[in-house]
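K.L.:
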Amino acid sequence: MFMDDYHKLVEKALVSVDEIFPWDLEEEIEKNSDLILLDIREQNEFEMMHIENSLHVPRGVLEGAC
């Protein structure tokens, strides 16, 4: 049951969430000031390097919230 709900949530999100390639990101940030960049890497990876103003929510937290 849980996995069915998770898959439905992911399918719904994919309709409204755009994915872009890393090499196109700088241009997108410049064009769209409302852009929300979500970094889902682990804490230590985020601390080593991240894009300014990105939001950090580890993948495990997102999956756990489903």
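Per the working numbering, residue 86 is the first one in the sequence shown, and the count goes up by one each step. Here a beta-carbon is modelled for each residue, glycine too, at the ideal position from N, C-alpha and C.
Helix, strand or coil for residue 90 per DSSP?
P.N.:
By 1-based counting over the sequence shown, the position of residue 90 is 5. Residue 90 falls in the helix class under three-state DSSP.
K.L.:
On the three-pair Cβ rule with 8 Å, is the stretch 138-146 touching the stretch 117-130?
P.N.:
Yes, since at least three Cβ pairs between the stretch 138-146 and the stretch 117-130 fall closer than 8 Å, the two stretches touch.
K.L.:
Helix, strand or coil: how does DSSP classify residue 99 here?
P.N.:
Reading the sequence shown from its first residue, position 14 is the one you call residue 99. Helix.
K.L.:
Ends of the alpha helix (DSSP H) at residue 147?
P.N.:
Taking the sequence shown and counting its residues from 1, one reaches residue 147 at position 62. Residue 147 -> alpha helix (DSSP H) spans 144-150.
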